[in-house]
Amino acid sequence: MKKKSLFVCTACEHSQPKWTGQCSDCGAWNTLEERVQTKHARHPAATEGTAVAAQALSEINIQNQPRYKTRLGEFDRVLGGGLVPGSLVLLAGDPGVGKSTLLLQVASAYAEAGLGVLYLSAEESASQIRRRSHRLKGINEAVRVLSSTSLESVAPILRDKQTDVLIVDSVQTLHQDSPQAPGSVAQVRDNTLFFLELAKQTKIPVILVGHVTKEGSLAGPRVMEHLVDCVLYLEGDHYHQYRLLRAAKNRFGATQEVGVFEMGAGGLIEVINPSESMLAQNPGQNPGSAVLVTMEGTRPLLLEVQALISGSGYNNPRRVTTGYDSRRLAVILAVLERHGGLDFSTTDVFVNIAGGFKVLEPAASLAVAMSLASSFHNAPLPESTIILGEVGLGGEIRAVSQTRRRLQEAAKLGYKSAMVPKSAKPEGQGLDLELQPVDHIKRALEVAFGRKSDRKAKPLSASMGRELNG
Numbered sequence: 000m001k002k003k004s005l006f007v008c009t010a011c012e013h014s015q016p017k018w019t020g021q022c023s024d025c026g027a028w029n030t031l032e033e034r035v036q037t038k039h040a041r042h043p044a045a046t047e048g049t050a051v052a053a054q055a056l057s058e059i060n061i062q063n064q065p066r067y068k069t070r071l072g073e074f075d076r077v078l079g080g081g082l083v084p085g086s087l088v089l090l091a092g093d094p095g096v097g098k099s100t101l102l103l104q105v106a107s108a109y110a111e112a113g114l115g116v117l118y119l120s121a122e123e124s125a126s127q128i129r130r131r132s133h134r135l136k137g138i139n140e141a142v143r144v145l146s147s148t149s150l151e152s153v154a155p156i157l158r159d160k161q162t163d164v165l166i167v168d169s170v171q172t173l174h175q176d177s178p179q180a181p182g183s184v185a186q187v188r189d190n191t192l193f194f195l196e197l198a199k200q201t202k203i204p205v206i207l208v209g210h211v212t213k214e215g216s217l218a219g220p221r222v223m224e225h226l227v228d229c230v231l232y233l234e235g236d237h238y239h240q241y242r243l244l245r246a247a248k249n250r251f252g253a254t255q256e257v258g259v260f261e262m263g264a265g266g267l268i269e270v271i272n273p274s275e276s277m278l279a280q281n282p283g284q285n286p287g288s289a290v291l292v293t294m295e296g297t298r299p300l301l302l303e304v305q306a307l308i309s310g311s312g313y314n315n316p317r318r319v320t321t322g323y324d325s326r327r328l329a330v331i332l333a334v335l336e337r338h339g340g341l342d343f344s345t346t347d348v349f350v351n352i353a354g355g356f357k358v359l360e361p362a363a364s365l366a367v368a369m370s371l372a373s374s375f376h377n378a379p380l381p382e383s384t385i386i387l388g389e390v391g392l393g394g395e396i397r398a399v400s401q402t403r404r405r406l407q408e409a410a411k412l413g414y415k416s417a418m419v420p421k422s423a424k425p426e427g428q429g430l431d432l433e434l435q436p437v438d439h440i441k442r443a444l445e446v447a448f449g450r451k452s453d454r455k456a457k458p459l460s461a462s463m464g465r466e467l468n469g
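Residue numbers (numbering that gives the first Met the number 0): 0 to 469.
What follows is the structure, given as structure tokens:
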């Protein structure tokens, strides 16, 4: 019997009978690969079908199952209070960021809580994992380790009664008996479906490790993110010690929730008060420095934004950002020039979020604008002041979400004043903070520097730049 082949796009999963250079559905080039149509074997996790009946909402028992908790409070926080039995969690991150280190520590914590933990690795041998546990120190030796790349060969072990929590490193390197290569779109999808069935049928929570592409997105089919219950990203810069565990999707808790860890010689250490740690090296009254309050999920974080304005030696001045969106910076510069009277046409502009963090929300735009103005005038902002607000294209200062929670965090850390949108003034009532309400960027500059905006103002550093450039 002649086997039938199809050509499937690895980008969008569209199938067509003949090969073409370009996918006819998504338009991607050179993404079609040949697949032989075979009758799919049932997953080892599958069981015989049973009769089911529909229930009215009023008849469904909604008693919460106890979650599995660890001694790593930051990990439990991101999951929404702990690991839900029967859930499927996907952890992704750049190579070397600390995914395997974190999960080995998590496995140890579950074992210390009396749970049976199975650590399935398709990337490392059992001896390699053993050596890593010695390096991390304090790893509970009750954690069971299994090293294999074949899913069929380990399926019976995964379902045994000794397993309460299953950790898989990684979903891309496992394979089933199929003509598809390990790591292919079809294999990754089938592997994810296998663990989904396993988790739902046995109530064993499964944590999968996933790889990311060079653009930072999850490698593999997009359907994988829809199948799992939680998608976690471990973010961090190899040149900074902090790691952020972020929930991009969570069916059992808040999305965009963040846990903060610090990478040390003995593994990842949770940072209980990240705002205090971030600002520990803040020099205080320094031109170009401002403190903002950003919301990461339900957690307010105080971070330092630094700006530097210097004379440019190029026809096209540079705009360099680290941890902040360059397009948003361009908008803020345009607003400061049009409505604040500051001239950046002959200057290089550098903006940095200290500590290796990334800030994306619009609520940080007023703090960025004030740090730019501070460096422009070479004058520090008022001491012990936090800044929050969104800058509109007309120069107006707009209110931001969860203002009171942000102000409460600032007051708790000892800040004395806050520059806020005028419409948000009632949110600060009852707090030990002196509020400086502003409704326009011009007013914000007057409050901070005590001067009217000058339409043709030049930065104090511009003359220095011209001297250096001859």
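Heads up, the beta-carbon is just placed ideally off N, CA and C, and yes, glycines get one too. What you are looking at is a predicted structure, and each value in this text was computed from that prediction instead of being measured.
| Check | Outcome |
| --- | --- |
| Enumerate in chain order the residues of its own chain whose CB-to-CB distance from F6 is below 6 Å, with the five nearest sequence positions on each side excluded. | Q15, W18, L31, E33 |
| Given this structure, state the Cα-to-Cα distance separating Q280 from A372, to the nearest angstrom. | 22 Å |
| Ordered along the chain, which non-local residues of its own chain (more than five positions away) have a Cβ less than 8 Å from that of N272? | none |
| Once you ignore the five residues that flank V348 on each side, which residues in its own chain have a CB closer than 8 Å to its CB? | A306, L307, I308, P316, R317, R318, V319, L328, L332, L371 |
| Could you compute how far the alpha carbon of E471 sits from the alpha carbon of S152? | The requested residue 471 does not occur in the structure, where the chain is confined to residues 0 to 469. |
| Judging by CA-CA distance, which residue of T346, P420, N190 is the nearest neighbour of G312? | T346 |
| Excluding five sequence neighbours on each side, which residues of the same chain lie with their C-beta closer than 7 Å to the C-beta of A198? | G85, S86, L87, P204, V205 |
| Let's see if you can read the secondary structure: which residues bound the beta strand (DSSP E) around G266? | 266 to 269 |
| If I156 and A106 are in contact, beta carbons under 8 Å, what's the gap, nearest whole angstrom? | Rounded, the Cβ-Cβ distance is 16 Å, inconsistent with contact. |
| Could you tell me whether the segment 406 to 420 touches the segment 350 to 363, where touching means 3 or more Cβ pairs closer than 8 Å? | no |
| Should Q232 go down as buried or exposed, given a rule of 16 or more other Cβ atoms within 10 Å for buried? | Strictly speaking, residue 232 in this sequence is Tyr, with Gln absent from that position. Result: buried. |
| If V208 and V170 are in contact, beta carbons under 8 Å, what's the gap, nearest whole angstrom? | 7 Å |
| Roughly how many angstroms lie between the CA atoms of F74 and L244, to the nearest whole one? | 8 Å |
| Would you say L114 and Y67 are within 8 Å of each other, going by their C-beta atoms? | yes |
| Near Q473, what residues of its chain come up, given a Cβ to Cβ distance below 8 Å and the 5 sequence neighbours on each side ignored? | Nothing about residue 473 can be reported from this structure: the residues present for the chain run from 0 to 469 only. |
| Go ahead and pull the three-state DSSP assignment for Y109. | helix |
| Within 10 angstroms of its Cβ, does V473 collect 16 or more other Cβ (buried), or is it exposed? | Nothing about residue 473 can be reported from this structure: the residues present for the chain run from 0 to 469 only. |
| Verify whether the separation of the beta carbon atoms of K357 and G322 is less than 8 Å. | yes |
| Can you give the beta carbon distance from L301 to M277, rounded, assuming they're within the 8 Å contact cut? | 7 Å |
| Counting only runs that start and end within the segment 138 to 197, where is the beta strand (DSSP E) found for 3 or more residues in a row? | 143 to 146, 164 to 168 |
| Taking DSSP as the reference, what is the three-state secondary structure of D347? | strand |
| Assuming P420 and I396 make a contact with CB atoms under 8 Å, what is their CB distance in whole Å? | 5 Å |
| Mark L291 as exposed unless 16 or more other C-beta atoms lie within 10 angstroms of its C-beta, in which case mark it buried. | buried |
| Between the C-alpha atoms of D176 and Q62, what's the straight-line distance to the nearest angstrom? | 40 Å |
| Classify C8 as buried or exposed, calling it buried when 16 or more other Cβ atoms lie within 10 Å of its own Cβ. | buried |
| For T402, count the other beta carbons within 10 Å of its own beta carbon; 16 or more makes it buried, fewer makes it exposed. Which is it? | buried |
| Just to confirm before moving on: does the CB-CB distance between M478 and A289 stay below 8 Å? | Beyond the ends of the chain as shown, which are 0 and 469, falls residue 478; an answer cannot be given. |
| Compute the Euclidean distance between the alpha carbons of Y241 and S99, then round it to the nearest angstrom. | 16 Å |
| Since I believe E389 is in contact with A353 (beta carbons under 8 Å), could you give me their beta-carbon distance rounded to a whole number of angstroms? | With a Cβ gap of about 21 Å, A353 and E389 do not count as contacting. |
| Let me know the secondary structure DSSP gives G258 once reduced to three states. | strand |
| Considering G296, what are the terminal residues of the alpha helix (DSSP H) in which it resides? | Note, G296: premise wrong, no alpha helix (DSSP H); not H, not E. |
| I believe V83 touches F194 by the beta-carbon criterion, under 8 Å. Please report the beta-carbon distance rounded to the nearest angstrom. | That pair is no contact at about 15 Å. |
| For G355, which residues from the same chain have a beta carbon less than 8 Å from its beta carbon, with the 5 sequence-adjacent residues on both sides left out? | G235, D236, Y238, H239, Y241, G322 |
| For E269 versus V77, is the C-beta distance shorter than 8 Å? | no |
| What three-state label does DSSP hand R317 in the structure shown? | coil |
| Near A125, which residues of its chain fall below 7 Å by C-beta distance, leaving aside the five closest residues on each side in sequence? | V144, S146 |
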